[in-house]
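Here is the structure we will look at.
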Amino acid sequence: MLVNLQEILSLAEKSQYAIGSFNTPNFENIMAVLKNAEHYQIPVILAHAQVHESVMPLETIGPVMVFCAQKAKVPVCVHLDHGEDLDYIERAMEIGFTSAMYDGSKLSYEENVENTLKAVQLARKYNAGIEAEIGVMGNSESGEETNGMQEMEDIYTDPEIAKKFVEATGIDALAASFGTVHGIYTSEPKLDFPRIEKIKQLVKIPLVMHGGSGVSQGDYITAISKGIRKINYYTYMAREGTYAAKKVLDSTRNPLYHDIALAAVRAMEKDIESAIRIFYHCNNE
Ligand code: 13P
C-alpha cells in the first residue's frame with residue numbers, strides 16, 4: 000500500500016520506533032527490503048537518491064518502486080533522497096513518489112529556505128511530504144577530510160537555526176546532522192545526543208538520521224529514544240551484497256549473473272533484517 004511521508008512518520012511516532020529508509024538503485028535492493036517488510040509486517044521507505052541517477056535513472060526504477068509499493072501488503076512510502084533540483088523532485092512526483100528530501104545544504108540559509116518552501120508547495124500539489132536538511136551530512140569517503148572534532152561540529156545542525164528553518168518552511172521531517180556520515184565509517188562515529196535532544200525540544204516534527212548504516216546497536220537505540228523517526232540506510236547493505244557476490248564468483252565455476260544477483264539479495268535481506276529488528280523494536284521475535 001502506497002502511503003506518503005506524513006502517514007508513514009505518524010506510524011513511527013505512534014509506535015515510538017524509526018522507519019527504515021532504504022536506497023534502492025537496483026531491483027535486488029527493492030526485493031530485499033520488501034521481503035523483510037512483509038515478513039515483519041512493518042512500514043518501510045523505498046528511496047531513490049539523485050546521486051544514483053547515473054547508476055539507475057529515475058524514470059526506469061521510479062515506476063518499479065511505485066508499483067511494488069502499491070502491491071505491498073504493508074505501508075510503503077516512495078521517497079526521493081537528496082534531491083538537489085526542484086525539477087528532479089517534480090519528475091519523481093509525476094511518477095508517483097509520495098515524498099522527497101530537498102537538499103539545499105550547499106546553499107546559503109536564505110536560498111535553502113526559499114527553495115525548500117518551493118519544494119513544500121510542489122509536494123502539496125501531489126499530496127506528498129518534504130524532508131529537508133539543516134547542517135551538513137558529511138561523506139566519509141568523499142575525501143573531504145575534516146580537521147578533527149571541532150570542524151565536524153561546525154557542520155552539525157544548530158538547534159535554534161533548525162527551529163527557525165522548520166517554522167519558515169513547513170517541512171514534514173528534518174534531517175539533522177549530529178555525527179553520522181554517509182558511506183563506510185573510517186572510525187567509530189561519536190554521536191552528539193545532547194544536540195539531538197535539544198533539536199527535538201525545539202522542533203515538533205520527526206527527525207531523520209542520514210548515514211544510518213554502520214552505526215552501533217546501542218547508538219540506534221539511543222537515537223530512537225531521543226526522537227529519530229527515520230533512518231536512512233544503504234552502504235552497509237550494498238557492501239554485504241558485494242561480499243556475497245564475490246563469494247559466488249570465487250567458489251563457483253562459470254557462475255551466471257542471476258546466481259550472483261540472488262546471493263546478493265539474500266545477503267542484503269539478512270543485513271537489513273538485523274537493522275530492522277533494532278529500528279522497530281522487534282528483537283524478541
Ligand atoms: P549510509 O551511507 O550510511 O548507508 O547512509 C545512507 C543515507 O543516508 C542516504 O541518504
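In this note's numbering, the protein residues as written are 0 to 284. No residue lacks a Cβ here, since even glycine has one placed at the ideal position from N, Cα and C. Note that the structure is predicted; figures quoted are calculated from it, not measured.
Check	Outcome
beta-carbon His181 near the ligand 13P non-hydrogen atom, thresh 6 Å	yes
Within 7 Å, strictly: CB atoms of Val73 and Pro42	yes
Contact the stretch 234-241 vs the stretch 186-193: 3+ CB pairs below 8 Å	no
Reference Glu12; option with closest CA among Leu206, Ile133, Leu1, Glu196	Leu206
beta-carbon His209 near the ligand GDP non-hydrogen atom, thresh 6 Å	You won't find the ligand GDP in this model; what it holds is the ligand 13P.
7 Å Cβ cutoff met for Ala174 and Glu132	yes
Backbone CA spacing between Met100 and Ala243 [nearest angstrom]	31 Å
Met231 Cβ short of 6 Å to the ligand 13P heavy atom set	The question names Met, yet the displayed sequence has Asn at residue 231. It does: the Cβ of Asn231 is within 6 Å (strictly closer) of some heavy atom of the ligand 13P.
Ile29 and Cys67 closer than 7 Å at C-beta	yes
Any 3 or more C-beta pairs closer than 8 Å across the stretch 2-11 and the stretch 37-56	yes
Inter-residue Cα distance where the pair is Ser107 and Tyr87	20 Å
Backbone CA spacing between Gly142 and Thr179 [nearest angstrom]	Because Gly142 sits at a pLDDT of 37, beneath the cut-off of 50, its placement in the model cannot be relied upon, and the following sentence gives the value as read from the coordinates. Roughly 16 Å separates the two Cα atoms.
Nearest to Ala172 (by Cα), restricted to the options Tyr232, Lys197, Ser98	Ser98
Top-ranked residue by Cα proximity to Ile259, from Glu268, Lys246, Glu58, Ile271	Lys246
beta-carbon Thr234 near the ligand 13P non-hydrogen atom, thresh 6 Å	yes
Tyr155 and Ser186 closer than 7 Å at C-beta	no
Residue from Ile183, Ile198, Thr23 with nearest C-alpha to Pro56	Thr23
Nonlocal neighbours in the same chain, by C-beta distance under 7 Å from Ala285, ignoring five residues either side	Since the first residue of the chain shown is 0 and the last is 284, residue 285 is not available in this structure.
Among Glu268, Ile277, Ala122, Arg276, the one whose alpha carbon lies nearest that of Ala31	Glu268
Cβ-heavy atom distance, Asp249 to the ligand 13P, below 6 Å	no
Nearest-angstrom Cα separation, counted from Leu201 out to Tyr16	20 Å
Span of the beta strand (DSSP E), counted from its first residue to its last, around Ser20	18-22
Rounded Cβ spacing between Gly128 and Asn3 (contact assumed at less than 8 Å)	5 Å
Ser212 CB to nearest heavy atom of the ligand 13P below 6 Å	yes
8 Å CB neighbourhood of Lys199 in its chain, flanking five on each side removed	Leu206, Lys225, Gly226
Length-filtered (3 minimum) beta strand (DSSP E) runs lying within the stretch 195-269	206-208, 227-232
Spatial neighbours of Asp218 in its chain, beta-carbon cut-off 8 Å, leaving aside the 5 residues before and after	Pro188, Leu190
For Phe288, the nearest candidate out of Ile7, His47, Ile18 (CA to CA)	For the chain, the structure presents residues 0 to 284; residue 288 sits outside this window and is missing.
Three-way DSSP call (helix, strand, coil) for Tyr39 in this model	helix
N- and C-terminal bounds of the alpha helix (DSSP H) containing Ser9	4-14
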